[in-house]
Amino acid sequence: MTFRRSTFYQVALIFSAAIFTVSSRGDQLTPDEVKFFEAKIRPVLIRECYGCHSNKSGNARGGLRLDTKELTHIGGSSGAAVVPGDLEESLLYNAIVHEDFVMPPKRKLSQEVIDDFRRWIEMGAPDPRVTEIAEIRSSITDEDIGSARENFWAYKHPVDPQSPSVEHSAWPKGKIDHFILAKLEASSLEPAGDAEAYKVLRRLCFDLVGLPPTPEQIDYFRKKWDEDPDQAIALVVDRLLEKDQFGERWGRHWLDVVRYAESTGREVNMTYPHAWRYRDYVIDSFNDDKPFNEFVQEQIAGDLMPVESDEEWAEHLVATTFLAMGPKNVNEQNRVQFAADVADEQIDATTRVFLGASVACARCHDHKFDAIPQTDYYALAGVFRNMTTYFGNPPSEFGAFSTAQRKRDSSLILLPIDDPNPFDKRYSQTELANLRQELIDTQRNAAEVRRQARESGNQQDAIRNRIRTANQLSELSGKLAVVDQNGNPRSYCMGVQETSAPANAKLLVRGEIDQAAQVVERGFPQVLCSTPVKIDPDKSGRLELARWIGSDQNPLTARVMANRVWQHMIGAGIVTSTENFGVTGQAPSHPQLLDYLAVRLVNSGWSIKRLVREIATSRVYRIKSTFNERHHEYDPDNALIWRANPRRLDAESIRDSMLVISGEIDFDRPRGSEVAKAGYTRVQGGVLGNPRDAAKKAMEMAGEKVRQQMRERFAGGRGTRRPIGGSRFGPGRRSVGRGQVDRQTRSVIETSMREVARKVTNQLDMEDAKFRSVYLPIVRDEEPRSLEVFDFADASAITGTRESSNTANQALYMMNNPFVIQQSQAFARRVARDSARVKDQVEYAFILAYGRPPTSGERSATAAFVHGFAPSMGYRNGGGEVLSALCQSLFASAEFRFVD
Amino acid sequence: MKKLILSLSIVSIALFTFDASAKEPGERGRRGSADAGADGARRGRGGPGADRDPAQLVSRMMQEFDKDGDQKLDSTELTALLKSMRDRRGGAARSGGPSGARPGQKKQGAEGRGRRSNDTDSARAGGERPKRPRSE
Chain S
43 MTFRRSTFYQ VALIFSAAIF TVSSRGDQLT PDEVKFFEAK IRPVLIRECY
93 GCHSNKSGNA RGGLRLDTKE LTHIGGSSGA AVVPGDLEES LLYNAIVHED
143 FVMPPKRKLS QEVIDDFRRW IEMGAPDPRV TEIAEIRSSI TDEDIGSARE
193 NFWAYKHPVD PQSPSVEHSA WPKGKIDHFI LAKLEASSLE PAGDAEAYKV
243 LRRLCFDLVG LPPTPEQIDY FRKKWDEDPD QAIALVVDRL LEKDQFGERW
293 GRHWLDVVRY AESTGREVNM TYPHAWRYRD YVIDSFNDDK PFNEFVQEQI
343 AGDLMPVESD EEWAEHLVAT TFLAMGPKNV NEQNRVQFAA DVADEQIDAT
393 TRVFLGASVA CARCHDHKFD AIPQTDYYAL AGVFRNMTTY FGNPPSEFGA
443 FSTAQRKRDS SLILLPIDDP NPFDKRYSQT ELANLRQELI DTQRNAAEVR
493 RQARESGNQQ DAIRNRIRTA NQLSELSGKL AVVDQNGNPR SYCMGVQETS
543 APANAKLLVR GEIDQAAQVV ERGFPQVLCS TPVKIDPDKS GRLELARWIG
593 SDQNPLTARV MANRVWQHMI GAGIVTSTEN FGVTGQAPSH PQLLDYLAVR
643 LVNSGWSIKR LVREIATSRV YRIKSTFNER HHEYDPDNAL IWRANPRRLD
693 AESIRDSMLV ISGEIDFDRP RGSEVAKAGY TRVQGGVLGN PRDAAKKAME
743 MAGEKVRQQM RERFAGGRGT RRPIGGSRFG PGRRSVGRGQ VDRQTRSVIE
793 TSMREVARKV TNQLDMEDAK FRSVYLPIVR DEEPRSLEVF DFADASAITG
843 TRESSNTANQ ALYMMNNPFV IQQSQAFARR VARDSARVKD QVEYAFILAY
893 GRPPTSGERS ATAAFVHGFA PSMGYRNGGG EVLSALCQSL FASAEFRFVD
Chain C
3 MKKLILSLSI VSIALFTFDA SAKEPGERGR RGSADAGADG ARRGRGGPGA
53 DRDPAQLVSR MMQEFDKDGD QKLDSTELTA LLKSMRDRRG GAARSGGPSG
103 ARPGQKKQGA EGRGRRSNDT DSARAGGERP KRPRSE
């Protein structure tokens with residue numbers, strides 16, 4: 043007992059001593075520390091640095107000021123001057139030892155002074171200098187906030203409205219129709235009649251699964267429609283909702299809103315090789331009809347939500363990729379600025395995506411229009427800054443290596459369960475050993491480069507070499523980091539993790555990181571909280587935020603999502619500014635209908651599928667798009683929905699439709715993505731990785747291809763007179779001379795080179811891919827051509843409503859793009875397989891492309907085209923070429939691109 | 003029992019000291035003033051309510067570090083607690099040791115000039131093991 047007691051006291055003593063030591067590292071400086079700073083550090087700073095780097099001198103060269111503790115830590119344009127405890131990160135130390143920077147500019151400080159600074163930084167840079175902190179007062183008063191909360195439509199709780207009475211009581215099929223018809227009748231307008239069956243089916247198919255109906259579906263639907271249109275629609279809707287393609291279609295809508303992309307974007311565009319897990323999570327969530335409130339909560343705080351199994355935990359972790367996949371300026375020199383920008387982007391995304399509120403406007407000042415004071419922004423910033431965001435690549439056993447361009451790195455989260463079917467590259471033991479050896483050699487090389495740089499006068503070469511070796515080190519380390527000791531890939535996801543000690547954020551005057559004002563307690567925008575949400579001081583508040591946003595007490599979440607669903611079904615939102623439900627946003631055209639849909643969403647257990655079903659089976663969904671001059675004069679925007687909105691198909695539907703119609707589509711979900719294959723690398727000029735390597739690869743591939751073709755062609759010796767075979771140049775009955783051979787050789791080489799170069803340099807376009815468009819690689823600023831030309835969502839922005847343009851580029855794309863030509867040829871082959879008669883082929887082609895047979899005018903126009911075009915082809919297989927051209931013209935037509 | 007009480011007392015005093023020292027200079031003062039001032043009290047943010055209850059902290063720390071649930075911190079648990087606190091205060095370097103390198107980590111980095119990548123200082127080789135969320 044005596045022994046145990048003495049052990050206990052020993053432990054307690056050590057513990058107390060440790061605590062005392064730790065606490066003394068804080069702001070309670072010991073007298074020795076103060077003395078050290080005042081005697082050894084401050085005089086040197088005043089004498090050597092303040093002249094060019096202080097507020098008092100009015101000089102802040104390189105943006106660096108050293109006359110306060112905070113400014114010293116924030117640093118200047120190159121980064122933090124002092125990072126307590128970290129000599130390597132402290133640029134002040136780097137400069138005084140004349141490593142990368144040289145300070146003072148014309149001489150070196152004495153070794154004794156340098157040692158003092160080293161000791162000071164290693165001590166934790168104790169600094170007694172205190173900065174006067176201003177308190178920023180908001181111009182938005184409590185009364186303003188209370189008034190907005192009570193009076194502004196979006197901040198009031200949605201209530202289930204009474205169904206309005208209508209004169210034409212036979213028209214409505216449900217409550218939705220009552221709201222629409224009541225508004226129309228109030229304006230003395232009447233809704234258009236019902237559209238034809240095939241048009242309604244086409245609408246349903248594109249809206250629910252993003253694909254055109256097959257001829258068999260059209261026949262079946264028409265029969266059912268003739269019996270009972272309501273039942274026919276209900277039947278098709280139920281079937282479509284059960285298809286996996288529903289999640290792919292609606293998941294893509296969500297990916298637009300959450301700015302899904304597989305790279306950082308901005309100046310240095312680094313890949314996110316694990317973002318695809320989030321894409322698949324979203325698609326699966328829509329297919330499973332996951333309650334929308336849970337879906338929301340998982341994305342904001344999945345890492346904090348209680349789980350029952352590792353599988354559930356892994357899924358929740360993947361969901362938090364939402365917070366990690368925003369655009370990032372990874373070449374930002376200043377880590378404080380970077381952290382502030384990341385949190386700002388997360389706040390902006392969270393509030394606009396889920397709440398339709400632009401809180402991020404209050405980063406620099408009180409919101410100019412909404413009742414959101416700047417303190418509310420920093421209250422929310424406190425919630426978001428208490429987490430670590432994982433978006434890059436983990437360090438290897440050799441450490442982490444940044445490059446000249448990529449200053450801000452991050453690790454990744456290991457999934458709690460290994461992916462049973464890992465996608466990433468596996469290395470053999472030999473490959474692993476070679477990689478390690480290469481890294482060690484490169485490190486030696488880097489050291490040599492540094493030595494040479496110090497000794498030789500050629501600084502340009504030195505810099506070039508240093509950049510090159512740093513890139514090599516980063517790449518090698520990145521490869522080693524993501525595999526275990528046996529070379530097997532580990533399973534990662536992007537996401538966030540809570541930091542251990544939550545703290546409040548300081549308000550920053552004008553959003554400037556070096557202009558800190560008062561500390562603001564963590565909280566949520568007051569104007570949206572009728573009762574303040576309490577945050578446990580020991581927690582960041584993110585879980586509470588997720589629960590509050592995903593709660594039926596929140597006035598905005600259900601409204602914002604119901605409005606999006608309406609927009610995707612009808613063509614325009616009830617609130618057309620889908621991500622701005624604030625004062626500067628558009629007022630709802632049908633406020634009662636919006637409330638009704640929001641309440642229905644909540645009451646259905648937050649089921650998106652049920653909401654989609656209710657809208658799809660309404661009367662207003664099936665009306666014609668017929669123009670009416672009187673109605674148009676009264677309501678040119680069709681806000682009251684007196685007719686259906688004709689809509690151009692979005693980019694994915696256009697590409698997927700071509701694949702479906704040609705019969706080439708592959709409905710299986712591809713594993714990972716093209717970006718995942720490339721790993722963590724930089725994207726430049728549309729190429730994943732080093733463009734030089736890509737060019738080299740292209741040359742090698744082209745060379746090999748040319749050699750192969752030459753071997754095939756000139757098996758009997760160069761220039762011998764022999765027939766040329768192959769379908770491309772005819773059946774091979776002509777003989778050619780040396781001159782012709784040379785021309786053909788040149789042509790083969792040129793064609794091969796062009797083809798290979800296109801494939802390599804347009805790697806991200808994936809023109810040969812046959813899977814659905816949602817699985818194409820989405821790299822910021824390098825979106826695939828097939829999507830980008832048809833107004834694909836800007837992956838760096840939160841996009842609730844895409845543009846819908848009609849441009850010459852689109853026409854040129856449909857005329858010349860290799861993918862379109864490939865698909866037209868496949869379409870033609872499919873049509874030719876179905877029937878040998880041209881008349882039947884044309885009929886079938888129209889049904890496949892438009893869902894209807896050709897009209898008599900179209901038949902004669904097609905006949906004229908065939909007769910006019912066939913002779914110009916000049917080839918024996920001209921029939922195939924003509925049919926292919928006809929199919930391409932169907933793809934290029936307006937009717938194909940529009941849903942009426 | 004006495005041992006438990008004594009142990010808890012020391013832990014609570016120590017943690018309170020630690021917690022108080024973890025705040026920014028002037029932060030406590032500002033919180034107080036914000037609470038006292040008419041404008042500062044508007045949101046109720048920055049008030050004394052933000053200060054932590056030592057008992058709660060002890061309870062949380064015990065929950066987190068008392069792995070065997072015996073309501074005592076043995077040497078392993080105490081080491082883990084101290085390590086956590088050290089990490090929280092900025093790594094090994096804070097206690098005067100060599101600057102926070104992980105075992106085996108080479109401090110080679112940007113442009114081969116011996117600087118580490120600076121956002122992964124606390125990152126583990128091979129990736130971050132997530133913290134399992136607490137059950138409710």
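Protein chains in written order, with this note's numbering: chain S, 43 to 942; chain C, 3 to 138.
For glycine and all other residues, C-beta sits at the position ideal for the given N, C-alpha and C.
Closer than 8 Å to chain S by CB, residue i
i: residue 57 (chain C); result: no
i: residue 133 (chain C); result: yes
i: residue 79 (chain C); result: no
i: residue 125 (chain C); result: yes
Residue range of the unbroken beta strand (DSSP E) whose run includes residue i
i: residue 520 (chain S); result: It is not in any beta strand (DSSP E) - residue 520 (chain S) instead sits in the alpha helix (DSSP H) that spans 501-523.
i: residue 431 (chain S); result: 429-432
i: residue 561 (chain S); result: 558-562
i: residue 539 (chain S); result: 537-540
i: residue 548 (chain S); result: 547-550
Short CB-CB distance (under 8 Å) between residue i and chain C
i: residue 532 (chain S); result: yes
i: residue 41 (chain S); result: With chain S represented from 43 up to 942, any question about residue 41 (chain S) goes unanswered, as that position is not in the structure.
i: residue 181 (chain S); result: no
i: residue 455 (chain S); result: yes
i: residue 856 (chain S); result: no
i: residue 76 (chain S); result: no
Which of helix, strand or coil DSSP assigns to residue i
i: residue 614 (chain S); result: coil
i: residue 837 (chain S); result: coil
i: residue 492 (chain S); result: helix
i: residue 729 (chain S); result: strand
i: residue 313 (chain S); result: strand
i: residue 79 (chain C); result: helix
i: residue 917 (chain S); result: The predicted position of residue 917 (chain S) is uncertain, since its pLDDT is 46 and thus under 50; a value taken from the coordinates is nonetheless stated next. Coil.
i: residue 101 (chain S); result: strand
i: residue 806 (chain S); result: coil
i: residue 534 (chain S); result: strand
Cβ pair residue i, residue j closer than 8 Å
i: residue 134 (chain S); j: residue 118 (chain S); result: no
i: residue 827 (chain S); j: residue 279 (chain S); result: no
i: residue 314 (chain S); j: residue 305 (chain S); result: yes
i: residue 347 (chain S); j: residue 587 (chain S); result: no
i: residue 429 (chain S); j: residue 542 (chain S); result: no
i: residue 249 (chain S); j: residue 638 (chain S); result: no
i: residue 110 (chain S); j: residue 173 (chain S); result: yes
i: residue 108 (chain S); j: residue 87 (chain S); result: yes
i: residue 665 (chain S); j: residue 234 (chain S); result: yes
i: residue 380 (chain S); j: residue 387 (chain S); result: no
i: residue 424 (chain S); j: residue 451 (chain S); result: no
Residue interval of the alpha helix (DSSP H) (run including residue i)
i: residue 375 (chain S); result: Residue 375 (chain S) -> no alpha helix (DSSP H), and no H or E assigned at all.
i: residue 338 (chain S); result: 334-343
i: residue 636 (chain S); result: 633-645
i: residue 676 (chain S); result: 671-676
i: residue 241 (chain S); result: 239-251
Where residue i falls, given that 16 or more other Cβ within 10 Å makes a residue buried
i: residue 106 (chain C); result: Any reading at residue 106 (chain C) needs caution, since the residue's pLDDT is 29, under 50, leaving its predicted position unreliable; the model's value is listed next. Exposed, because fewer than 16 other Cβ atoms sit within 10 Å of the Cβ of residue 106 (chain C).
i: residue 634 (chain S); result: buried
i: residue 377 (chain S); result: buried
i: residue 668 (chain S); result: exposed
Contact set between residue i and chain B, taken where Cβ atoms lie within less than 8 Å
i: residue 189 (chain S); result: The structure shown contains no chain B; its protein chains are S and C.
Proximity test, residue i beta-carbon vs the ligand MN heavy atom, cut-off 7 Å
i: residue 594 (chain S); result: Here there are no bound small molecules, and the ligand MN is not part of this structure.
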